[in-house]
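Under full-length UniProt numbering, read the sequence shown as residues 1 to 545, first letter to last.
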Amino acid sequence: MGGSRTLRAESVGMQVWKGRHAWWFAVQAILVLLAPAVLCAFASLSEARRLTSSQADIAARVLMHQAQTMSAYAWRVVDELGPLAGRPCSMAEPTLQYMGSISPYLRSLLFVRNDTVECAAGVNNGMRRLSMLLPTLSALPQGRSIASVAGTASSESRPAVVFAQNWNDVTVVAVLDGQYLIDLLNTVADLRSYHVEMHFGTGVSIHSQGYPVGDPGPMAQVRRLQSDDYAVQVSVTVPAKDVYAAWRRVALEFLPATLVLAGALGFIAWRLRLRQLSPVESLRRAMRAGEFYLCYQPIYDVRQGQCMGVEALMRWRTASGEDVRPDVFIAQAETHGMIVPLTLHLFELIERDVAQWPLRPGFHVGVNLAAEHLASARLVSDVSQLRRVLQQRHIVLVLEITERSLVSDDDTARRNLEALRATGALVAIDDFGVGNCSLSYLHRFPVDYLKIDRGFVSAIESVDGEAPVLDAIIALAARLGLQVVAEGVENDVQLRYLQARNVSYIQGYLYGKPMPCGNLVVWLLQHGHEPLQPVLSAVQEEVSA
1 MGGSRTLRAE SVGMQVWKGR HAWWFAVQAI LVLLAPAVLC AFASLSEARR LTSSQADIAA
61 RVLMHQAQTM SAYAWRVVDE LGPLAGRPCS MAEPTLQYMG SISPYLRSLL FVRNDTVECA
121 AGVNNGMRRL SMLLPTLSAL PQGRSIASVA GTASSESRPA VVFAQNWNDV TVVAVLDGQY
181 LIDLLNTVAD LRSYHVEMHF GTGVSIHSQG YPVGDPGPMA QVRRLQSDDY AVQVSVTVPA
241 KDVYAAWRRV ALEFLPATLV LAGALGFIAW RLRLRQLSPV ESLRRAMRAG EFYLCYQPIY
301 DVRQGQCMGV EALMRWRTAS GEDVRPDVFI AQAETHGMIV PLTLHLFELI ERDVAQWPLR
361 PGFHVGVNLA AEHLASARLV SDVSQLRRVL QQRHIVLVLE ITERSLVSDD DTARRNLEAL
421 RATGALVAID DFGVGNCSLS YLHRFPVDYL KIDRGFVSAI ESVDGEAPVL DAIIALAARL
481 GLQVVAEGVE NDVQLRYLQA RNVSYIQGYL YGKPMPCGNL VVWLLQHGHE PLQPVLSAVQ
541 EEVSA
């Protein structure tokens, strides 16, 4: 019966632990599963932006290299023509025509004085005004200059780049055909749907086909390069749609690692959850969090007519306000090897509470000892601190042995009890009569009290009636010289029956229910020294009120 009761309690206990904070575990599970996905999203986006930026940088460097090559060639032509500036056109024109014919990029070569074209190659002879040839160029700045223009008179829709250098009063002008640049920009742009733009000096922009107007947006990748030597600027923009496409590709590449990471985190979370759900971890966490507290049930001395002591009963109220039944958590503690740490925690709580009690010398405090602890070699040392604290207050420690479970080592248990009795502690057998070891305990261990289980007391139906088993236990205790404490006394009939049979102590709701430390202090001040009948009347008045 004891084993099945423990199993039922454990089953209920597991339901309590599993049900508690289930919603929080669900949140944790979602976060664990989402974490790899979010990490993958950010990592893949970062990698996609890095890749697209790197590719744009390569494209921009290719374009810059070509623009610098063309600019260097144009300036070399200008420098070679410089010594001919100011000479008669008949002398300079052959060289102009020759240089114009062999130059792969140049559209026109000019010698200009003020706004007048004195000599030219690649220009209609009817156009002798620079403003006619280059209508989008207001004037040539002094010194060495470069500017991109929207078009020339011969090709108004085709941009060009003007390279100019002053030689005395004459300006040597080389006009680079922008079609070369447009073809280059379009080729690079078509490779990866880039938007490409190029500037020469302070001139207009030369860009690829379909170049958008306005802000490209936060997701677009823009790579800009500038050459101070040739006054060239190159800009390569990766559209947002291409960044998103790269993001999708990279995310797919990251997917296997994401799944592995999610699986690993899920496994770790599952293991941690199992640990959190385990009774051992739950009990440890509850002790650390201060969720356990003690209730004390008064014990009445029938002969002296006053409270002679209390039994310490452990209670558990979780942080969420849920009360866990003692039969549940005690069974869990016994099954999973936590009953000794739990008992030590009970000792600590008693040491804290007794400092508040208004007590007379000889007051008794009963604590329950499990069979595992009773047979432990460390019992005496475990009890020593509590015993010292109680002795300072002249309180008698009563060790209550439960007989619901077997003691594994009788010799060690007996030595422990004898050592503790030698220091002034008393020994009681709790719930006497309901276990399998009652009589053998009386034979094997030194005992001072028998605490009769409430089941026998509840069998009392009238003062003159009979309760054979209860009477036999009382007679056995008297024969052995042991004091008797009757548990579960709830009415006056039971009290008078027990008084008639010289039972010295009673414990039950008739006298006082288990109460927290603060309530016990008040109760002891008001009722601790009163006989049972006035106490009972006071309780009835409180209930009626």
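Where is the CB? At the ideal position from N, CA and C, for every residue including glycine.
Below 9 Å between beta carbons: does that hold for residue i and residue j?
{"i": "V161", "j": "L109", "result": "no"}
{"i": "I460", "j": "L476", "result": "no"}
{"i": "residue 552", "j": "Q499", "result": "Limits of the chain in this structure are 1 at one end and 545 at the other, which puts residue 552 out of reach."}
{"i": "R61", "j": "L225", "result": "yes"}
{"i": "V407", "j": "A375", "result": "yes"}
{"i": "A85", "j": "N168", "result": "yes"}
{"i": "V238", "j": "Q68", "result": "no"}
{"i": "E253", "j": "S71", "result": "no"}
{"i": "E351", "j": "Q385", "result": "yes"}
{"i": "A355", "j": "I401", "result": "no"}
{"i": "R113", "j": "V173", "result": "no"}
{"i": "S227", "j": "M64", "result": "yes"}
{"i": "A532", "j": "Y505", "result": "Here the sequence assigns Leu to residue 532, which means Ala is not the residue at that position. Taking 9 Å as the Cβ cut-off, L532 and Y505 do not qualify as a contacting pair."}
{"i": "G362", "j": "H394", "result": "yes"}
{"i": "V155", "j": "R107", "result": "The displayed chain sequence assigns Ser, not Val, to residue 155. In contact: S155 and R107 (Cβ atoms closer than 9 Å)."}
Out of curiosity, what's the CA-to-CA distance linking residue i and residue j?
{"i": "P516", "j": "G337", "result": "27 Å"}
{"i": "V188", "j": "L255", "result": "31 Å"}
{"i": "V250", "j": "Q209", "result": "29 Å"}
{"i": "R288", "j": "L342", "result": "11 Å"}
{"i": "H373", "j": "V380", "result": "10 Å"}
{"i": "L294", "j": "V260", "result": "48 Å"}
{"i": "E281", "j": "F292", "result": "14 Å"}
{"i": "V234", "j": "P36", "result": "39 Å"}
{"i": "P94", "j": "L51", "result": "52 Å"}
{"i": "L181", "j": "M198", "result": "9 Å"}
{"i": "S462", "j": "L495", "result": "10 Å"}
{"i": "H527", "j": "R315", "result": "24 Å"}
{"i": "R248", "j": "A257", "result": "15 Å"}
{"i": "K513", "j": "S440", "result": "31 Å"}
{"i": "G201", "j": "D229", "result": "11 Å"}
{"i": "S53", "j": "Y105", "result": "30 Å"}
{"i": "V521", "j": "C307", "result": "12 Å"}
{"i": "D242", "j": "E47", "result": "13 Å"}
{"i": "Y509", "j": "Q332", "result": "27 Å"}
From the options, pick the residue whose C-alpha is nearest to that of residue i; which is it?
{"i": "residue 546", "options": "A257, A355, D382 and Q97", "result": "Outside the shown range of the chain (1 to 545) lies residue 546, about which nothing can therefore be said."}
{"i": "G290", "options": "T318, L520 and A264", "result": "T318"}
{"i": "S320", "options": "G143, I330 and A286", "result": "A286"}
{"i": "D190", "options": "A59, M219, E351 and I206", "result": "A59"}
{"i": "V434", "options": "R444, L450 and P218", "result": "L450"}
{"i": "S205", "options": "G518, S54 and G151", "result": "G151"}
{"i": "E418", "options": "D448, V328 and N368", "result": "D448"}
{"i": "L442", "options": "H199, L480 and V457", "result": "L480"}
{"i": "N368", "options": "I339, V38 and V493", "result": "I339"}
{"i": "P218", "options": "I299, L439 and R49", "result": "R49"}
{"i": "A279", "options": "D242, I330, A312 and I299", "result": "Note that residue 279 is Pro in the sequence shown here, rather than Ala. P279 has its Cα closest to that of I330, out of D242, I330, A312 and I299."}
{"i": "V324", "options": "G82, R360 and L283", "result": "L283"}
{"i": "I299", "options": "E466, V489, I473 and V232", "result": "V489"}
{"i": "Y244", "options": "A41, H364, L81 and G203", "result": "A41"}
{"i": "residue 577", "options": "A246, I474, D492 and D183", "result": "The requested residue 577 does not occur in the structure, where the chain is confined to residues 1 to 545."}
Please work out which residues of its chain come closer than 6 Å, Cβ to Cβ, to residue i, disregarding the five sequence neighbours upstream and downstream, and give them in chain order.
{"i": "V503", "result": "V484 and A486"}
{"i": "Q179", "result": "R158"}
{"i": "A164", "result": "L140, S145, T171 and V173"}
{"i": "V196", "result": "L185, V188, A189, S208 and V236"}
{"i": "L349", "result": "L294"}
{"i": "L81", "result": "V172"}
Using a Cβ-Cβ cutoff of less than 8 Å, which residues in the same chain neighbour residue i once the five nearest sequence positions on both sides are dropped?
{"i": "G424", "result": "R387, Q391, V396 and L397"}
{"i": "P446", "result": "R414, L417, E418, R421 and V427"}
{"i": "C119", "result": "C89, A92, E93, L96, L110 and F111"}
{"i": "G3", "result": "Note that G3 scores 40 on pLDDT, short of 50, meaning its location in the model is unreliable; the coordinates nonetheless yield the value given after this. Excluding positions up to five away in sequence, the list is empty."}
Between residue i and chain D, is any beta-carbon pair separated by less than 9 Å?
{"i": "L495", "result": "Protein chain content of the structure displayed is limited to a single chain, and chain D is not contained in it."}
What residues in its chain sit with their C-beta under 7 Å from that of residue i, if we drop five residues either side in the sequence?
{"i": "V543", "result": "Reliability of the predicted coordinates at V543 is poor, the pLDDT of 47 falling under 50, and the value obtained from them is presented with this limitation in mind. Within the same chain, V543 has no close Cβ partners at all."}
{"i": "D453", "result": "D431, F432, G433, V434 and E487"}
{"i": "T412", "result": "A375 and A377"}
{"i": "N166", "result": "Q142 and G143"}
{"i": "D57", "result": "R223"}
Rounded to the nearest angstrom, how far is the Cβ of residue i from that of residue j, given a contact under 8 Å?
{"i": "L482", "j": "P358", "result": "Not really, about 30 Å apart at Cβ, beyond 8 Å."}
{"i": "R444", "j": "D410", "result": "5 Å"}
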